[in-house]
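So the sequence lines, in the order shown, correspond to chains V and A. What the first sequence shows, in the working numbering, is residues 1 to 326, in sequence order. What the second sequence shows, in the working numbering, is residues 1 to 126, in sequence order. Where is the CB? At the ideal position from N, CA and C, for every residue including glycine. As the structure is a computational prediction, the values presented were derived from the model and not from experiment.
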Amino acid sequence: MAVITSVDFPQLTEEIQDIWNEASRNSIADLVGFQMFNVKDVNVKTYEHLILHGIGGAQKVAQGADLPSQDLVEGDSVSWTQGRYGNLVSVTKDMRLFDLYDEIENLVRSTVDATWNDLDQAFADVLLYGFSSANYTDVYGESVGATGYDGLALFSASHTNNVSSSTFSNIITYSTVNPILSREAIVKEIANARVYKDPKGKSRPVHLDTLYVAPSKEDEALRIVNSTLISGTNENDYNPLKGRITVKTWEKLETRTDGTDTSAYWFMADSKKVKETLQALFRERPSLDAPEQVYKNKNWDWSLDFYYTLGRGFSPYLRGSNSTQA
Amino acid sequence: MSSGCNWGKLLSQNRCKAIGVPWNEQELKAIYELHIPADFVRNGCLTVVEYKKATAELSQLETDGKEKPLIHMKKAELEKKAGELGIQFTPEVTRADLMHLITIEKSKTDASESKLSGSDEGMQES
Numbered sequence: 001m002a003v004i005t006s007v008d009f010p011q012l013t014e015e016i017q018d019i020w021n022e023a024s025r026n027s028i029a030d031l032v033g034f035q036m037f038n039v040k041d042v043n044v045k046t047y048e049h050l051i052l053h054g055i056g057g058a059q060k061v062a063q064g065a066d067l068p069s070q071d072l073v074e075g076d077s078v079s080w081t082q083g084r085y086g087n088l089v090s091v092t093k094d095m096r097l098f099d100l101y102d103e104i105e106n107l108v109r110s111t112v113d114a115t116w117n118d119l120d121q122a123f124a125d126v127l128l129y130g131f132s133s134a135n136y137t138d139v140y141g142e143s144v145g146a147t148g149y150d151g152l153a154l155f156s157a158s159h160t161n162n163v164s165s166s167t168f169s170n171i172i173t174y175s176t177v178n179p180i181l182s183r184e185a186i187v188k189e190i191a192n193a194r195v196y197k198d199p200k201g202k203s204r205p206v207h208l209d210t211l212y213v214a215p216s217k218e219d220e221a222l223r224i225v226n227s228t229l230i231s232g233t234n235e236n237d238y239n240p241l242k243g244r245i246t247v248k249t250w251e252k253l254e255t256r257t258d259g260t261d262t263s264a265y266w267f268m269a270d271s272k273k274v275k276e277t278l279q280a281l282f283r284e285r286p287s288l289d290a291p292e293q294v295y296k297n298k299n300w301d302w303s304l305d306f307y308y309t310l311g312r313g314f315s316p317y318l319r320g321s322n323s324t325q326a
Numbered sequence: 001m002s003s004g005c006n007w008g009k010l011l012s013q014n015r016c017k018a019i020g021v022p023w024n025e026q027e028l029k030a031i032y033e034l035h036i037p038a039d040f041v042r043n044g045c046l047t048v049v050e051y052k053k054a055t056a057e058l059s060q061l062e063t064d065g066k067e068k069p070l071i072h073m074k075k076a077e078l079e080k081k082a083g084e085l086g087i088q089f090t091p092e093v094t095r096a097d098l099m100h101l102i103t104i105e106k107s108k109t110d111a112s113e114s115k116l117s118g119s120d121e122g123m124q125e126s
C-alpha cells in the first residue's frame, strides 16, 4: 500500500497547486460578478475613491491667455477598507497514510468552488441589497454597509451631488419605479439612461447594453431581447433590442444571502462604464499556500486566505429594479 | 470589509439627515422636488402644507419674542447659546452635538430652578 510520506510533500504541494489553479480557472470563467465588477489589485488597506460626477472639460481660451484650471469642485469621496478572509485545508494523516488522494483532490476542488462562488455571491449581494441603505449581513457573516458615496443606497430615485440641486435616479422606471421585467420597461430605461445629464445639466449619455437576470427569468429575458419579431404580440414589427442588448444570466441573483427570493430582480448596465460603479479591490487574491511546519496533529494544513473589499462608485451606469412596482 | 462615505461633508451639505443617517426617498423628494429646507425636513415636514404650517408657527414665536426651537437655530446661534450656558466646546463640534449638549444643560438648569422654587415654597410654608 502506497503511503504519502514527507518525501512526497513537494510533489503533493505541486499537485494541489495544479488542482487549485485548474479549478479556479474554471470557476472564475463562469462567474458573472468577476466580469461585471472592476476587479483590481491595490496595495493600500483603505482605498480612497473620488467621484467628480463627470463634470469638467475644455473652455474657450483667448490667444496667448493662460489655460483655465479645470472647473471642478472637490467631489465626493468614499473609502473602502479591506478585510481578511481565509481558512485551512487540512490533509490529515489518515489521508496520507491510506493514500486517499481522491479525498485530497476533492477537498481542494470543493474549497475552490466554495471560495469563488462565495465571492460571486458577495458581489451579487451588492446589487441585491442595493435598494436599501441599511447594513446587511454578507456571505461571510459580517455586517456590511450598503451606502454609496452620497450616503444613499446603490439604487436611489434621487442620487445627489455636491455641485447643484439636481438629482438622478438609477432605479428602473416605467409607469412606476421598480417595474417587472418587460420589453417596454427595458426600452424606457434605455431612453432614460440616454438622456442622463451631469449636475450642470450637460448631456452625458449612458448606453445600457447589458441585461442581468436570475436563471428564473433567463427564458423570458432571452425571448424579449433575442426574438426576431417583438415577442408575445401579433405584431410583425422587428425587435430593435435584438443584437443591441446582451443578456447575462447570473445564478447568484436568484437568492440573496439571507435567503430572500430575489429571482424577479433585474438590472441593466453600460458594459463600458459599469466598472466605475462596481469595484472589487484585492490586496491579495485567494491563494492556497503550502504548510511550513508539521503540527501536533500531524495534519498538513494548506492555508487559504485573501484580502478584499467591495466598493460602490459613481452609480448612473447601473440601473436596477426589484420588481415591486413601488 | 467596510465602506464609508464622508458623512461629515454630506451633513454640511445637507445631503444626509445626520451622521450615518441617510435621507429616505420621501425626505429626498421634499428637499429636491418641493425645495423644503433640510432643517424643516429633519423636523418632519414632508409636504408644502406642513412646511408652511411650521414656518407660520416659527414666525409667531418671533412675533411673541420667544426663542425659536434649537432645531431651527444655525450653528452660530447654537454656539452662542451654548456659550451662555457655560458649555465648553471647540469649533469642530457638530450642530447636532451642540443641540444635544444644550438640551441636557437646559434640562439640568430647569430641574435645579424648579428645585429652588420648590424649597422656597417650603420655606414660606414654615
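Asked: Beta carbon of V/G83, beta carbon of A/G4: below 8 angstroms?; Found: no
Asked: Using the C-alpha atoms, what's the distance from V/A326 back to V/D237?; Found: 31 angstroms
Asked: Assuming V/G75 contacts V/L50 (C-beta within less than 8 angstroms), just tell me the rounded distance between them.; Found: 5 angstroms
Asked: Who does V/L278 pair with in a DSSP beta bridge?; Found: V/R312
Asked: Determine the chain V residues that contact A/Q13 at a beta-carbon separation under 7 angstroms, and present them in chain order.; Found: N162
Asked: Distance check for V/S77 and V/E158, CA to CA, integer angstroms please.; Found: In the sequence as displayed, the identity of residue 158 of chain V is Ser instead of Glu. Approximately 18 angstroms, taken between the alpha carbons.
Asked: Within 10 angstroms of the Cβ of V/N170, are there 16 or more other Cβ atoms? Answer buried if so, exposed if not.; Found: buried
Asked: Is the separation between the beta-carbon of V/Y140 and that of V/Y85 shorter than 8 angstroms?; Found: yes
Asked: Go to V/T46, then tell me how far its alpha helix (DSSP H) extends in each direction, as first and last residue.; Found: Element bounds for V/T46: not the alpha helix (DSSP H) but the beta strand (DSSP E), T46 to I51.
Asked: Cβ closer than 9 angstroms: which chain A residues qualify as neighbours of V/S165?; Found: I31, Y32 and H35
Asked: Grab the span of the alpha helix (DSSP H) containing A/S59 for me, first residue to last.; Found: V48 to T63
Asked: Examine chain V for any beta-carbon lying closer than 8 angstroms to the beta-carbon of A/L10, and answer yes or no.; Found: yes
Asked: Please say whether V/T210 and V/I399 have beta carbons closer to each other than 8 angstroms?; Found: Outside the modelled stretch of chain V, which goes from 1 to 326, sits residue 399 of chain V, for which no answer is possible.
Asked: Taking 8 angstroms as the CB-CB cut-off, is V/G83 touching chain A?; Found: yes
Asked: Give a yes or no on whether 8 angstroms exceeds the smallest Cβ distance from A/L46 to chain V.; Found: no
Asked: When DSSP labels each residue in this structure, what does V/W300 get in the three-state scheme?; Found: strand
Asked: Ends of the alpha helix (DSSP H) at A/G83?; Found: K75 to E84
Asked: Could you tell me the distance, in whole angstroms, from the CA atom of V/K216 to the CA atom of A/E33?; Found: Reading the sequence as shown, one finds Ser at residue 216 of chain V and not Lys. Computed Cα separation, rounded: 37 angstroms.
Asked: Considering only the beta carbon of each residue, do V/L152 and V/V213 sit closer than 8 angstroms?; Found: no
Asked: Give a yes or no on whether 8 angstroms exceeds the smallest Cβ distance from V/Y149 to chain A.; Found: yes
Asked: Would you call the segment 14–22 of chain A and the segment 299–313 of chain V touching, i.e. three or more CB-CB distances under 8 angstroms?; Found: no
Asked: Along chain V, in chain order, which residues have C-beta atoms closer than 9 angstroms to that of A/P91?; Found: Residues of chain V passing the Cβ test: none, with the nearest at roughly 20 angstroms.
Asked: Hey, quick one: how far does the alpha helix (DSSP H) through V/S110 stretch, first residue to last?; Found: Y101 to L128
Asked: So what does V/D305 bridge to, in DSSP terms?; Found: V/G86 and V/S287
Asked: Specify the secondary structure class of V/Y196 as computed by DSSP and reduced to three states.; Found: coil
Asked: Excluding the 5 residues preceding and the 5 following V/W20 in the sequence, name in chain order all residues of the same chain whose CB lies nearer than 7 angstroms to its CB.; Found: V108, V112 and L288
Asked: Any contact of the segment 121–141 of chain V with the segment 30–39 of chain V, i.e. 3+ C-beta pairs under 8 angstroms?; Found: yes
Asked: What first and last residue would you give for the alpha helix (DSSP H) that runs through V/L211?; Found: Looking at the DSSP string, V/L211 is not in any alpha helix (DSSP H); the run it does join, the beta strand (DSSP E), is T210 to V213.
Asked: Residues of chain A with a CB under 7 angstroms from the CB of V/Y196: which are they?; Found: Result: empty, since nearest Cβ-Cβ is about 16 angstroms, beyond 7 angstroms.
Asked: Decide if V/S133 is buried, meaning its Cβ has at least 16 other Cβ atoms within 10 Å, or exposed.; Found: buried
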